[in-house]
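Report on the structure given below.
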Amino acid sequence: MKNILYIIIVVLFIGCKSVNHLEIYKCKPVSYGSAIHGDKLKYFFDDYNHEIRKIKFKKRRLTTDLNSEIDKLKDSLIANGNQDNKSGIYYFAIIKGKDTLYSNSDLQSWKYKDKVGRYKSDILKKHILR
Numbered sequence: 000m001k002n003i004l005y006i007i008i009v010v011l012f013i014g015c016k017s018v019n020h021l022e023i024y025k026c027k028p029v030s031y032g033s034a035i036h037g038d039k040l041k042y043f044f045d046d047y048n049h050e051i052r053k054i055k056f057k058k059r060r061l062t063t064d065l066n067s068e069i070d071k072l073k074d075s076l077i078a079n080g081n082q083d084n085k086s087g088i089y090y091f092a093i094i095k096g097k098d099t100l101y102s103n104s105d106l107q108s109w110k111y112k113d114k115v116g117r118y119k120s121d122i123l124k125k126h127i128l129r
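Residue numbers (numbering that gives the first Met the number 0): 0 to 129.
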């Protein structure tokens, strides 16, 4: 009986750890002059900002697909991105673990840490712009 309980706990622990936490924040078009500028990214996380909404995902498979695509996006920006000049305009903030990525309204221009660049993904568009 102890072995069965131990196996159940291990399976639950591994199953819960297999999907990384993913949060997506979307700026409503009327916020801060239609978007959030690159030098004001903290507005995405302002507790009193009612113009930002959090997008929630309920399906584990969907979250796994998005996490995989976000990893590809980060790798692309690290390898091919340009230096950020803080002049971008962003509508989305995507938080995965300790990383935060920012995107424009059509999810093609991205910012990650000090890198900016273009990355097109049908997976991200399909599930975030729904």
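Backbone N, C-alpha and C fix where the C-beta goes; we use that ideal spot for every residue, glycine too.
Here the structure is a predicted model, which means the values were calculated and not measured.
Check: Can you give me the C-alpha to C-alpha distance between residue 35 and residue 43, rounded to a whole angstrom?; Outcome: 8 Å
Check: Whose C-beta lies closer than 6 Å to the C-beta of residue 37 among residues of the same chain, with five residues either side of it excluded?; Outcome: 85, 86 and 87
Check: Tell me where the alpha helix (DSSP H) around residue 121 begins and ends.; Outcome: 121-127
Check: What does DSSP give as the partner residue(s) for residue 100 in the beta ladder?; Outcome: 93 and 111
Check: Would you give the residue range spanned by the beta strand (DSSP E) that residue 39 belongs to?; Outcome: Looking at the DSSP string, residue 39 is not in any beta strand (DSSP E), and its letter there is neither H nor E.
Check: Return the CA-CA distance between residue 120 and residue 100, expressed in angstroms with no decimal places.; Outcome: 14 Å
Check: Hey, residue 90 and residue 110 are a contact pair by Cβ (cut 8 Å); roughly how many whole angstroms apart?; Outcome: The pair is not a contact, with the Cβ atoms about 12 Å apart (cut-off 8 Å).
Check: Can you give me the C-alpha to C-alpha distance between residue 71 and residue 65, rounded to a whole angstrom?; Outcome: 10 Å
Check: Pick from 53, 22 and 63: whose alpha carbon is nearest that of residue 122?; Outcome: 63
Check: Let me check understanding here. Comparing Cα to Cα, which of 127, 92 and 118 lies closest to residue 78?; Outcome: 118
Check: Please state the DSSP three-state secondary structure of residue 76.; Outcome: helix
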